[in-house]
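Enquirer: Mind looking over this structure? Questions follow.
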Amino acid sequence: MLHPHTAFDAGEAQILTALCEGLFVYDPYTLQPVPALAEKHSVSGGRTWRFTIRKDAKFENGKPITAQTFVDSWLNLLNPAGNHPYASLLDCIDGAADYRNGKLKNKNQVGIKAESGQVLLITTNTEIEHLPNILCHHAFSAVEASQLEEALKFSNIEKIEKLRDSFKPISSGAYRIKKFSEKELILVKNENYWDKDNVQIPQINLFLDLSKEEAIEKFNIGKIHWLSRSDVISKIGDQRCVNIDPLFATDYFFFKTSSPNIKAAEFRKALLLAVPYEELRKGYPIKAETLIFPLAGYPKIQGVNEYNLQKAQEIIDKLNLNEEQKKVVIKIPENTYYQELAEILSAAWSKIGVKTEVKLISLNAYYNSLKTNDYDLGTITWIGDFADPLAFLEMFRPNSNLNDSDWKNQEFERIILKSHAEKDFKKRYEMLSKAEELLLGESVIIPISYRLSVNIIDIYSIGGWYSNAIDIHPFKFIKFIKPQPVPGLVKLNQQLKKKR
Numbered sequence: 074m075l076h077p078h079t080a081f082d083a084g085e086a087q088i089l090t091a092l093c094e095g096l097f098v099y100d101p102y103t104l105q106p107v108p109a110l111a112e113k114h115s116v117s118g119g120r121t122w123r124f125t126i127r128k129d130a131k132f133e134n135g136k137p138i139t140a141q142t143f144v145d146s147w148l149n150l151l152n153p154a155g156n157h158p159y160a161s162l163l164d165c166i167d168g169a170a171d172y173r174n175g176k177l178k179n180k181n182q183v184g185i186k187a188e189s190g191q192v193l194l195i196t197t198n199t200e201i202e203h204l205p206n207i208l209c210h211h212a213f214s215a216v217e218a219s220q221l222e223e224a225l226k227f228s229n230i231e232k233i234e235k236l237r238d239s240f241k242p243i244s245s246g247a248y249r250i251k252k253f254s255e256k257e258l259i260l261v262k263n264e265n266y267w268d269k270d271n272v273q274i275p276q277i278n279l280f281l282d283l284s285k286e287e288a289i290e291k292f293n294i295g296k297i298h299w300l301s302r303s304d305v306i307s308k309i310g311d312q313r314c315v316n317i318d319p320l321f322a323t324d325y326f327f328f329k330t331s332s333p334n335i336k337a338a339e340f341r342k343a344l345l346l347a348v349p350y351e352e353l354r355k356g357y358p359i360k361a362e363t364l365i366f367p368l369a370g371y372p373k374i375q376g377v378n379e380y381n382l383q384k385a386q387e388i389i390d391k392l393n394l395n396e397e398q399k400k401v402v403i404k405i406p407e408n409t410y411y412q413e414l415a416e417i418l419s420a421a422w423s424k425i426g427v428k429t430e431v432k433l434i435s436l437n438a439y440y441n442s443l444k445t446n447d448y449d450l451g452t453i454t455w456i457g458d459f460a461d462p463l464a465f466l467e468m469f470r471p472n473s474n475l476n477d478s479d480w481k482n483q484e485f486e487r488i489i490l491k492s493h494a495e496k497d498f499k500k501r502y503e504m505l506s507k508a509e510e511l512l513l514g515e516s517v518i519i520p521i522s523y524r525l526s527v528n529i530i531d532i533y534s535i536g537g538w539y540s541n542a543i544d545i546h547p548f549k550f551i552k553f554i555k556p557q558p559v560p561g562l563v564k565l566n567q568q569l570k571k572k573r
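Just so it is clear: in the sequence shown, position 39 is 112 by my numbering, and no numbers are missing.
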């Protein structure tokens with residue numbers, strides 16, 4: 074689904090780098106924020122931000138993009154009726170959390186204002202130096218007024234599969250949609266884009282449904298320039314094109330802590346003690362014991378790795394649970410990989426008298442189904458939206474729209490809020506590591522592995538594309554750096570990853 078307020082997976086996020094733009098975009102190499110629709114900004118008193126919108130900023134239909142465009146877009150993102158996934162990242166703005174949660178009825182009291190036609194005024198409730206990093210995310214893009222309410226259609230889980238591919242955004246980015254079908258998405262240069270002179274590739278063809286064999290053949294004969302899939306690596310003729318890099322991403326299971334059977338931390342602890350971690354994590358290049366990939370400067374903390382079947386059984390016996398209470402419903406996508414993991418957990422927990430039921434959900438519907446209350450254990454692959462621990466910890470804040478675990482801990486929230494105002498990099502990371510320790514200490518998640526990104530692309534003839542920690546490659550910067558026999562750039566089969 075390509076509405077910036079509801080797009081959730083990594084494939085959609087990559088496509089939206091072409092179609093949507095906000096105040097900032099990611100630098101393709103450093104991932105630092107680069108001015109986009111805002112040509113400049115200033116901060117006064119640590120909490121008052123002014124962003125000057127470019128005078129030549131327009132949507133593809135020629136309508137101007139103004140400060141009011143961002144006011145309307147962000148308030149729509151915060152609309153309590155939408156429950157949009159990334160809305161809670163704006164909780165640092167005055168009144169945003171209360172409006173999002175329905176406590177504040179008057180949206181005009183939220184600290185998002187148009188000071189003039191071109192100046193957007195943001196008032197935050199704390200000093201937050203990394204705000205520009207957050208605002209690179211597609212959720213904070215300019216959305217054309219006629220498409221704001223479209224996002225509400227996708228808040229209905231039962232309709233999501235039918236509607237997810239029907240929305241075509243009116244572009245605020247470097248490209249616009251020319252053709253959108255089940256098998257192909259064709260993007261062409263947006264002639265009303267403010268920076269069109271620096272967009273060097275006129276057309277991007279994205280093949281959405283190619284088989285493994287077709288992908289291999291087309292890449293090897295030069296008809297495809299970029300693949301993002303791991304099942305073709307051994308068949309690629311020029312192995313220099315295979316780029317495998319550590320990704321700021323983690324595979325993990327999480328408990329639905331609001332579930333009657335799971336709400337007791339001691340029961341969750343017993344389940345974790347019974348997990349055979351070596352077996353569960355075998356075969357993964359980078360095994361995970363914590364939620365957050367070890368960033369440079371981030372303190373090392375105690376991970377989830379203790380296996381003690383006897384201790385687990387002692388806890389179960391002490392809790393004196395009946396048979397119905399000793400049951401765990403595991404919800405996973407229809408995928409052999411997840412089924413194998415669920416089988417390992419089921420076998421392990423049966424040893425301490427805990428029965429399991431496995432629910433298989435189609436991949437397209439899975440992530441939306443995590444909002445329901447019909448399971449005890451779910452799974453997700455989360456890719457950080459920016460290279461900061463907060464990109465993961467945000468998912469476990471009490472009122473976050475991303476908090477499918479329903480875990481609530483006020484000390485955790487206090488630490489997160491306090492960290493916003495901390496200017497010392499080392500001290501801020503120490504605070505956030507304490508928050509992660511709280512999360513792990515309450516047995517909320519089972520980390521599995523840190524992910525690798527796999528991209529097959531000839532970086533010797535394609536410029537502006539760089540390996541990076543969040544595997545985001547803004548299309549506007551990509552270019553050919555030597556003549557190619559086939560015009561246009563093709564990316565196909567972006568595998569569905571969660572994240573986002």
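For glycine and all other residues, C-beta sits at the position ideal for the given N, C-alpha and C.
(1) With C-beta atoms as the reference, is F97 less than 8 Å away from L208?
(2) So if DSSP puts A111 in a beta bridge, which residue, or which two residues, is it bridged to?
(3) Identify whether P319 lies in helix, strand or coil by the three-state DSSP scheme.
(4) How about the region 305-313 and the region 507-521: do they share at least three Cβ pairs that are nearer than 8 Å?
(5) So, does the region 447-461 touch the region 395-405, judging by three or more C-beta pairs under 8 Å?
(6) Might you give, ordered along the chain, the residues of its own chain that have their beta carbon closer than 8 Å to the beta carbon of H493, omitting 5 neighbours on each side?
(7) Please confirm whether T197 has its beta-carbon closer than 8 Å to some beta-carbon of chain D.
(8) Quick test of your reading: A215 and E94, contact by CB under 8 Å. State the CB separation rounded to the nearest angstrom.
(9) Tell me, which residues are paired with R249 by DSSP?
(10) Please state whether DSSP places T139 in a helix, a strand or coil.
(11) Where does L92 land, buried or exposed, given buried means 16+ other C-beta within 10 angstroms?
(12) Below 8 Å, can you find three or more Cβ-Cβ pairs linking the region 468-485 to the region 285-303?
(13) Can you have a look at I554 and say buried or exposed, based on whether 16 or more other CB atoms are within 10 angstroms of its CB?
(14) Can you list, in chain order, the stretches of the alpha helix (DSSP H) that have 4 or more residues and sit fully within the region 431-486?
(15) Give me the residue from Q191, N149, L283 and T142 with the minimum Cα distance to K128.
(16) With distances taken from CA atoms, which of G537, P372, S473 and K241 is nearest E133?
(17) Would you mind working out which of W422, H210 and H76 sits nearest S244, comparing C-alpha positions?
(18) Taking the CB atoms as reference points, tell me whether L392 and F327 lie closer together than 8 Å.
(19) Kindly give me the distance between the Cβ atoms of N476 and W299, rounded to whole angstroms, as I take these residues to be in contact under 8 Å.
(20) Hey, would you say W147 sits closer than 8 Å to F81, going by beta carbons?
(21) For P242, write down the residues that DSSP places opposite it in a beta bridge.
(22) Would you check if the distance between the CB atom of I488 and the CB atom of A508 is smaller than 8 Å?
(23) Take Q220 as the anchor and find which of L204, K186, N149 and A187 has the nearest alpha-carbon.
(24) Quick one, which of P106, T139, D324 and G175 has its alpha-carbon nearest L151's?
(25) Could you tell me the boundaries of the beta strand (DSSP E) in which L525 lies?
(26) Would you check if the distance between the CB atom of D318 and the CB atom of L104 is smaller than 8 Å?
(27) Could you check where the beta strand (DSSP E) with Y99 kicks off and where it finishes?
(28) Let me confirm a value: F465 is counted as buried when at least 16 other C-beta atoms fall within 10 Å, else exposed. Which label applies?
(29) Just to confirm, is the Cβ distance from K444 to Q273 under 8 Å?
(30) With contact counted as at least three CB pairs below 8 Å, one residue from each stretch, are the region 421-436 and the region 494-504 in contact?
Expert: Taking the definition as stated:
(1) Yes, they are a contact pair.
(2) Partner(s): I126.
(3) strand
(4) no
(5) yes
(6) Excluding residues within five positions, the ones whose Cβ falls inside 8 Å are C165, T199, E200 and I201.
(7) The structure shown contains no chain D; it holds only a single protein chain.
(8) 7 Å
(9) For R249, which the question treats as bridged, DSSP gives the partners V261.
(10) coil
(11) buried
(12) no
(13) exposed
(14) 436-442 and 463-466
(15) Q191
(16) Per the C-alpha coordinates, the member of G537, P372, S473 and K241 positioned closest to E133 is K241.
(17) H76
(18) Their beta carbons are not under 8 Å apart, which means L392 does not touch F327 by this criterion.
(19) The pair is not a contact, with the Cβ atoms about 34 Å apart (cut-off 8 Å).
(20) no
(21) Beta-bridge partners assigned by DSSP to P242: none are found.
(22) yes
(23) N149
(24) G175
(25) I518 to I530
(26) no
(27) Y99 -> beta strand (DSSP E) spans F97 to Y99.
(28) buried
(29) no
(30) no
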